[in-house]
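Just so you know, this note's numbering puts 144 at position 111 of the sequence shown, and the rest follows in order with no gaps. Even glycine gets a Cβ: it sits at the ideal position worked out from N, Cα and C. Let me begin by presenting the structure, written as structure tokens, before commenting on it.
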Amino acid sequence: MTQSGAQTTATLNAYLSVCRSNFIFVVVFSFFINLLMFVSPLYMIQVYDRVLASRNETTLVMVTLLAVSLLAVSAALETIRSRILVRSGAKFDRVAGRDIFAAAFRGHLRTPNGQNAQPIRDLDTLRDFLTGGAIVTFCDAPWMPLFLAVCYMIHVWIGAIATVGAVAILGLALANELATRRHLKAAATLSIGADRYVSTSLRNAEIVHALGMMGAIVGRWSVLHDQALGLQAKASDRAGVLVSLSKFTRLVLQVAILGGGAYLVLEAEITPGAMIASSIIMGRALQPVESAVAQWKSFIAARSAYGRLQSLFASRPPEAPLMHLPEPTGAISLEQLVVAPPGSRVAVLKGIDLDIPAGAIVGIVGPSGAGKSTLARALTGVWPPLSGHVRLDGADLDNWDPERLGPHLGYLPQDVELFAGTIAENIARFSEIDSAAVVEAARKAGVHEMILQMPEGYNTRIGEAGRSLSGGQRQRVGLARALYGNPRIIVLDEPNSSLDSQGEMALAMALRTAKAEGRTVLVISHRAALLNEVDRLAVFSGGVLTLYGPTQAVMERLNGGPPPPPPEARPQPRPATATQAQPPPTISVAPVTKITRAGA
Numbered sequence: 034m035t036q037s038g039a040q041t042t043a044t045l046n047a048y049l050s051v052c053r054s055n056f057i058f059v060v061v062f063s064f065f066i067n068l069l070m071f072v073s074p075l076y077m078i079q080v081y082d083r084v085l086a087s088r089n090e091t092t093l094v095m096v097t098l099l100a101v102s103l104l105a106v107s108a109a110l111e112t113i114r115s116r117i118l119v120r121s122g123a124k125f126d127r128v129a130g131r132d133i134f135a136a137a138f139r140g141h142l143r144t145p146n147g148q149n150a151q152p153i154r155d156l157d158t159l160r161d162f163l164t165g166g167a168i169v170t171f172c173d174a175p176w177m178p179l180f181l182a183v184c185y186m187i188h189v190w191i192g193a194i195a196t197v198g199a200v201a202i203l204g205l206a207l208a209n210e211l212a213t214r215r216h217l218k219a220a221a222t223l224s225i226g227a228d229r230y231v232s233t234s235l236r237n238a239e240i241v242h243a244l245g246m247m248g249a250i251v252g253r254w255s256v257l258h259d260q261a262l263g264l265q266a267k268a269s270d271r272a273g274v275l276v277s278l279s280k281f282t283r284l285v286l287q288v289a290i291l292g293g294g295a296y297l298v299l300e301a302e303i304t305p306g307a308m309i310a311s312s313i314i315m316g317r318a319l320q321p322v323e324s325a326v327a328q329w330k331s332f333i334a335a336r337s338a339y340g341r342l343q344s345l346f347a348s349r350p351p352e353a354p355l356m357h358l359p360e361p362t363g364a365i366s367l368e369q370l371v372v373a374p375p376g377s378r379v380a381v382l383k384g385i386d387l388d389i390p391a392g393a394i395v396g397i398v399g400p401s402g403a404g405k406s407t408l409a410r411a412l413t414g415v416w417p418p419l420s421g422h423v424r425l426d427g428a429d430l431d432n433w434d435p436e437r438l439g440p441h442l443g444y445l446p447q448d449v450e451l452f453a454g455t456i457a458e459n460i461a462r463f464s465e466i467d468s469a470a471v472v473e474a475a476r477k478a479g480v481h482e483m484i485l486q487m488p489e490g491y492n493t494r495i496g497e498a499g500r501s502l503s504g505g506q507r508q509r510v511g512l513a514r515a516l517y518g519n520p521r522i523i524v525l526d527e528p529n530s531s532l533d534s535q536g537e538m539a540l541a542m543a544l545r546t547a548k549a550e551g552r553t554v555l556v557i558s559h560r561a562a563l564l565n566e567v568d569r570l571a572v573f574s575g576g577v578l579t580l581y582g583p584t585q586a587v588m589e590r591l592n593g594g595p596p597p598p599p600p601e602a603r604p605q606p607r608p609a610t611a612t613q614a615q616p617p618p619t620i621s622v623a624p625v626t627k628i629t630r631a632g633a
């Protein structure tokens, strides 16, 4: 096993080990439960061999009371065992759930089109396995030799019949595994793909309905679904044959044990009570094997879930705790930054070097596909760089704890995503709601009055993805969320794409406020009106930074103005503080072909 594989197994075993003491109790209880399984056969022996022979009613009453009392103890132990297993599963879910969810979340950032919701379902599968009948079967199976030994004690032929039956049923269980494993695995993969396709289609339900794509979408889903059903049907057909054979074998064994016992009674080698008891004991000896056949699908599902979680942690191991760095002042530097979409090695940003002092308001412009949104994702840590560095206050972004950096970072993506909940919860980022801070952020985003006009104001529930709001309303609530808590760094990707004139005025006012407060703001926009609010302008083309400098100088350069002064004639910038930006340097120019005006 590789070191990574060993660490992965150790991680999952650590989650399971928190339930170790509970499982020890389950095993101990299982011993006594199985020991008390001898109550019924022993009662039969006493009734047939003593009570009926002596016709003593007192003995019958006492034996019956004793048997009922012991069976009550057995039922109580089974109830306690079941409760322990349920709590063990819940405990495993609590300790493993957060890390599994975090690993799935990190996996989605790296591979957005992957099966990133599957780990949560795998967690449910493992929890159900730990609390269901399958784990009870595993706890009872070690005591099967004890029952077989008692069968041999009654008579060697009784023990031989029980042993043959156990081997036959176990062989059928193994045959079931070999016959269905490949089909069930392929069916599970196709079923997961079909479920993911349904989820994607539902997220785009509006466009599917508007463009009349329902038939095509259903047809494509049907292909995946029918393939999964076909494989499941093949596996179920084979399993059905083997289950029927198992049932037939069990019934034949009952006949064989009673017939063989009757013959031994006729030969006076055992008593009638022993004959009846041997049938009960054999049935108890075969019960774990029969349960294993019935629980086989559960075991296969749990094994597959465990394997997928191993792979998940191997590719996305839990992150080590990071040093707590001081609050950022807002200075950003990019060093030979190369970024590609997750899962791709084709760079969108290529060797970007850029210094943004604290408190600067920078506009990012360029044609579609120039890498502007990729830059926003890299600055916020959503997409990791292939090479190079994104630094905040000189520290690499990887050295910042996202949970601690998040309150100091405001981000408005191009596609605004809101969550099911109230407007206040969305603005407060689902942390503890600070009413004053929520209202302040809403006022800065110019959305306070709009929220007050809603049925329940800030307590209005907006539904999943904010579908009850218009595009412009979602964008303005998203802007308020980005401004919540007065973050030091604010990244806005096309913040005015869905805004009307009133919304654009509110956005411009928000930028002026951020500038006055010394916030570092990066604005990606195609609209020239918004660029009037920025100090500096960075122009991208083909994933390369082509122009960067004071806004007026860059605009003149884009319009064919004079070239920038030579380096020795450029003024030297003064040191910046957390609340005061450096005076913007003169424009730097990369050798590029002719560039059209930003936003054209």
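query	result
Touching or not, the region 418-436 and the region 354-366, by the rule of three or more beta carbon pairs under 8 Å?	yes
Return helix, strand or coil for S531, following the three-state DSSP convention.	coil
Please go through the same chain and pick out, in chain order, the residues whose beta-carbon is closer than 7 Å to the beta-carbon of V567, but skip the five residues on each side of it.	I394, V395, G396, V556, T584
Could you check what DSSP says for R494 in three-state terms: helix, strand or coil?	strand
Counting C-beta neighbours from all protein chains within 10 Å, is the total for L314 16 or more, i.e. buried, or is it exposed?	Note on residue identity: the sequence assigns Ile, not Leu, to residue 314. The residue is buried, with at least 16 neighbouring Cβ atoms inside 10 Å.
State the DSSP-derived secondary structure class of T92, mapped to helix, strand or coil.	helix
Buried or exposed: where does F346 fall if 16 or more other Cβ atoms within 10 Å of its Cβ makes it buried?	buried
Under three-state DSSP, which class holds E359?	Sequence check: residue 359 is Pro here, not Glu. Three-state result, P359: coil.
Use the C-beta contact count for A182: other C-beta atoms within 10 angstroms, 16 or more gives buried, fewer gives exposed.	exposed
Where do the N-terminal and C-terminal ends of the alpha helix (DSSP H) with A586 fall, by residue?	584-591
Tell me where the alpha helix (DSSP H) around Q508 begins and ends.	504-516
By DSSP, does V567 sit in helix, in strand, or in coil?	coil
Tell me the rounded alpha-carbon separation between G316 and G248.	54 Å
Give the range of the alpha helix (DSSP H) segment to which D173 is assigned.	166-173
My guess is that I484 and I523 are in contact by the Cβ rule of under 8 Å, so how many angstroms apart are they, rounded?	That pair is no contact at about 20 Å.
Buried or exposed for L211, please, with buried defined as at least 16 other CB atoms from any protein chain shown within 10 angstroms of its CB.	exposed
Within the same chain, show all residues whose beta-carbon is closer than 8 Å to that of Y76, passing over the 5 residues directly before and after it, in chain order.	V96, T97, A100
Ordered along the chain, which non-local residues of its own chain (more than five positions away) have a Cβ less than 6 Å from that of L570?	G396, T584, V587
What is the rounded straight-line gap between the Cα of M70 and the Cα of A109?	13 Å
In the DSSP assignment, the beta strand (DSSP E) including G384 goes from what residue to what residue?	382-389
Near D126, what residues of its chain come up, given a Cβ to Cβ distance below 7 Å and the 5 sequence neighbours on each side ignored?	L156, R160
Roughly how many angstroms lie between the CA atoms of S324 and F134, to the nearest whole one?	33 Å
Return helix, strand or coil for Q328, following the three-state DSSP convention.	coil
CA-CA distance, I113 and C52?	16 Å
I need the DSSP call for L445, collapsed to helix, strand or coil.	strand
I need the straight-line Cα distance from Q191 to E111, nearest angstrom please.	Looking at the sequence shown, residue 191 is not Gln but Ile. Computed Cα separation, rounded: 29 Å.
Cβ of A167 within 9 Å of Cβ of A335?	yes
Using C-beta distances below 6 Å, list every residue in its chain close to P600, excluding the 5 sequence neighbours before and after it, in chain order.	Unreliable placement is indicated for P600, whose pLDDT of 39 sits below 50; the coordinate value is still reported in the next sentence. No residues qualify anywhere along the chain.
Buried or exposed: which applies to Q24, given that a residue is buried once 16 or more other Cβ atoms fall within 10 Å of its Cβ?	The chain is shown only over 34 to 633; residue 24 falls outside these bounds and no answer can be derived.
So within the region 193-270, which uninterrupted alpha helix (DSSP H) runs reach at least 4 residues, ignoring any that extend past its ends?	238-243
Touch check for the region 413-432 and the region 474-484: three-plus C-beta pairs under 8 Å?	no
Out of curiosity, what's the CA-to-CA distance linking W329 and A208?	11 Å
How many whole angstroms separate the CB atoms of Y444 and A474, which I take to be in contact at a CB cut-off of 8 Å?	That pair is no contact at about 14 Å.
Can you have a look at T407 and say buried or exposed, based on whether 16 or more other CB atoms are within 10 angstroms of its CB?	buried
Figure out for me which residue from V472, L297, P175, A123 has the closest Cα to the Cα of A318.	P175
Looking only at its chain, what residues have a beta carbon closer than 8 Å to the beta carbon of T656, apart from the 5 residues adjacent to it on each side?	Since the displayed the chain opens at 34 and closes at 633, residue 656 lies outside it and no answer follows.
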